[in-house]
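Following numbering that gives the first Met the number 0, the numbering of the sequence shown begins with 0 at its first residue and continues without gaps. From the three backbone atoms N, C-alpha and C, an ideal C-beta is built for every residue, glycine too. None of these values were measured; they are calculated from a predicted model. What follows is a short report on a single structure.
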Amino acid sequence: MTNKLLEKTGLNRQGFSSFFLILTVAILTRLPYFFETDIDWDESTFILLGQSVLDGHLPYTDLLDVKPPLHWYIFTSIIWLAQHSFVFLRFLGAMIVALIGLINYEIASRIWNKKAGLISGILVIFLIDLNPGGQSIMSEHLALVPMMLSFALILFCPKNNSAFIVSGLCMGLAIMIRLNLAYVGLFTGLYILFVSIENDFPKYKLILLPGVFFALGNLASILVTLLPHLITDNLEALNIGLIKASLNYSQQSDFLNVIVNQLGFVADILAMTISIAFSVVFGPTLFFAISQLIQVQKQEQKLNFFEKRFYTIGILFGLSIEFSILRTSVFYKHYVIQFLPMAALLAAPAIANFLDRKDNLKKQLVAIVLSVLLVHFSLQYYKTGSYCLNSPSCLHGTSITVKHYLAEHNPLNGNIWLTRGHLAYWFAGVTPITPLVTHPSNINKRFLLESWYGQEATLSQEIDKIFAKKPVLIIGASLQDYLHDSTAQARLDDFIQSDYVELPALGKLHIYQRQG
C-alpha cells in the first residue's frame, strides 16, 4: 500500500535517495561558510532589514533599502526561525539552496531521466555555492524557489487552469523578492496567451483563460505582500521606499555598460581569475549547455512534447532575466545566480551523455573537476577549522571583529557609525545611525538620497544628520575621500578634524573616536 502511494507521487526509494544526496551536498558544500559573517555586505543589509520588521516596523518606515517588501518579510522569518543564531541562519540558507536543487532534480527527471535529474540538482548547488556571493543568502536564492516552481507548473501543466493560478502566485512571490523578475512574469504571461491562441484558436472563450489565471495569480501575490502597507495607511512610505527608489535605481547606467561587465565576468571565469573551482564547474556547464542547444536544433523533430516546451520556456526565462538586468542598467556578479538553474537544466542531458562515454577524455575531465573541487572545499574546511581551534568562537569576519571591539570600547552603547562590517549592528543589538546608511554604500548613491528625501536633499544634510547624533565611534573605511560629493566630503572632514581622533587601525579597519 505504502509503496504504491510512493510510486504514484514519484517518491520511491530511488527518489528519496536522490533527495537525500542533494540535501547532503547542499549542506556539506556550504558548511564551511556557516561561520563566515561577511561574504557579501548585501546579506548583512538584508539581515538588518529583517530585524527591523521583527522589531515591529514595516519596510521603508524605519530603515531604507530598495528591496521589495517580501524580501524583508522572508529575512524576518529566517531570523525568527534562527533565533538570532548566525550559524543556524546560514543553515537555513543551505536548505533554500537544497530546495532549488530538488526542484531542478524533479524537472530534469520528468523531462529526461533520474540521472539527468541528479546531475542537474547537484550541479546547480555547486554553481550557486561557487558563484561570487553565492555562499551567503542573497535575494537571488530566495527568488529562485518560487520562480522555478512557476516554471515547472507552466511546463508540466499546460492545460490546467488551476496550475496557471498557482504558477502566477509563485511568479508574483518571486517578483516581490526581486523586482527585475517582473519582466519574466510579463513575458511569460504573453507567452501563455500566445500559446493559448495558437492551440485553441478559434475557441475565443478559452484563449484568454490561462493568461488571465496566470495574471490573477501574480496580482494576488503582489496585493497580499503590499497589504500591511495598505491596512496601516503607509502607502507613501511604500511609494518612496519601493517605487521611486526602484525607478531611479534603473537609471544609474546604460545597457551597453551592463553587457561589457557581463562579458568581462565570463572572461574572468574562463581566465580563472575569480575562482579556479568556479571556472572548472561553470566553464564545462556553459559548454555543455550550448552544445545541447545546438544538438536540439539539429534534432528538433525528435523532441517530445515536454522537451519542446522546456527549451521554449527555458530560453524565454533566460532571455527575460537578461532583459530585466539590462533594464536595471547595473550588473553585479551575484546577478548571475538567477541564470544558474536554467544553465544546469540545459547542461544536464549533455553531461549525462558525456558520462556514458568510455574514453579517456571523460575520465581525465572528471578527475580534474573532482580534484579541484576537493582541494577547494578542503581549504575552506581547513580555514574554518583553524578559526575554531585558535579563536574563542568559530565565527569570524569583519563584523565579528567590530562586535568584539564595541563590546570592549563602547560599554555604554553610544551611537556608532559603521562603514564596514555593518552586520555588527545586528550582533550588538543596535540599528544603523540613520536610515540612509543601512547599506554603507547608499551614502554615495545620490539617486537614492533624492528618491527617499526629495530632489532638494543634499549629502551634506545627511552628514549633518549623522553627526547630530554624535557617534561615539566611527569604524570601517578611511574617511579621507570617502564621499563622492566634494561639498559633503569637506563637511565630513570638518567634523572629523574638530571632534574626532583617529585611533590605531584594527587590521584594515579605521577607527575614529569622539573627543570629550
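Excluding sequence positions up to five before and after Thr-433, its CB lies within less than 6 Å of the CB of Lys-464 and Ile-465, all in the same chain and listed in chain order. The shortest C-alpha to C-alpha distance from Glu-461 to any of Leu-325, Val-436, Ile-473 and Pro-470 is the one to Val-436.
Proximity to Ile-99 across Ile-442, His-438, Phe-376 and Asp-128 peaks at Asp-128, based on C-alpha coordinates. Per DSSP, Ile-176 is not a residue of any alpha helix (DSSP H), being assigned neither H nor E. Under the three-pair Cβ rule at 8 Å, the stretch 148–160 does not count as touching the stretch 120–137. Here the alpha carbons of Ile-38 and Gly-428 stand approximately 20 Å from one another. Counting only the Cα atoms, Ser-450 lies some 15 Å from Ser-440. For the alpha helix (DSSP H) assignment, the uninterrupted runs of no fewer than 4 residues enclosed by the stretch 46–113 are, from N- to C-terminal side, 68–81 and 85–110. The residue from Phe-87, His-83 and Gln-50 with its alpha-carbon nearest to that of His-70 is Gln-50. Rounded to whole angstroms, the separation of the alpha carbons of Asn-160 and Ile-26 is 37 Å. The Cβ atoms of Tyr-104 and Ile-21 sit closer than 8 Å to each other. Classified as buried, Ile-118 has 16 or more neighbouring CB atoms from the shown chains inside 10 Å of its CB.
Excluding the 5 residues flanking it on each side, Tyr-182 has same chain C-beta neighbours closer than 7 Å at Ser-319, Phe-322, Ser-323 and Arg-326, in chain order.
Counting along the chain, His-509 sits inside no alpha helix (DSSP H); it lies in the beta strand (DSSP E) bounded by residues 508–513.
Pro-145 is positioned such that its CB atom lies closer than 8 Å to that of Ala-173. Residue nearest to Ala-423 within the set Leu-482, Leu-225 and Ser-43 is Ser-43 (criterion: CA-CA distance).
The C-beta distance from Lys-113 to Ser-17 rounds to 7 Å, short enough to fall under 8 Å.
Under the three-pair Cβ rule at 8 Å, the stretch 368–388 does not count as touching the stretch 400–415.
Secondary structure note for Pro-348: its alpha helix (DSSP H) is the uninterrupted segment 339–354.
The stretch 230–249 and the stretch 56–69 touch, with three or more beta-carbon pairs separated by less than 8 Å.
Within a 10 Å sphere around the beta-carbon of Glu-139 sit 16 or more other beta-carbons, which makes this residue buried.
Counting only the Cα atoms, Leu-458 lies some 29 Å from Gly-132. As a beta-bridge residue in DSSP terms, Leu-505 pairs with Leu-508. Look at Val-500 here: in three-state DSSP terms it is strand. Distance from the Cα of Gly-313 is smallest, within the candidate group Phe-330, Lys-332, Val-295 and Leu-345, for Leu-345. In the DSSP assignment, the residues bridged to Gly-475 are His-509. Scanning its chain for C-beta atoms nearer than 8 Å, with the 5 sequence neighbours on each side dropped, one finds around Tyr-499 the residues Ile-473, Tyr-511, Gln-512, Arg-513 and Gln-514, in chain order. Secondary structure note for Leu-285: it is in no beta strand (DSSP E), and the uninterrupted alpha helix (DSSP H) holding it is 275–297. Annotation for Ile-258: the continuous alpha helix (DSSP H) segment containing it runs 254–269. Straight across, the Cα-Cα distance linking Phe-163 with Thr-272 is about 43 Å. Distance between Gly-475 and Gly-420, taken at the CA atoms: about 7 Å. Between Gln-479 and the set Gln-296, Gln-82, Phe-353 and Gln-496, the nearest pair of CA atoms involves Gln-496. Look at Ile-367 here: in three-state DSSP terms it is helix.
Counting other Cβ atoms within 10 Å of its Cβ, Ser-84 stays below 16 and is therefore classed as exposed. Under the three-state reduction of DSSP, His-403 is assigned to helix.
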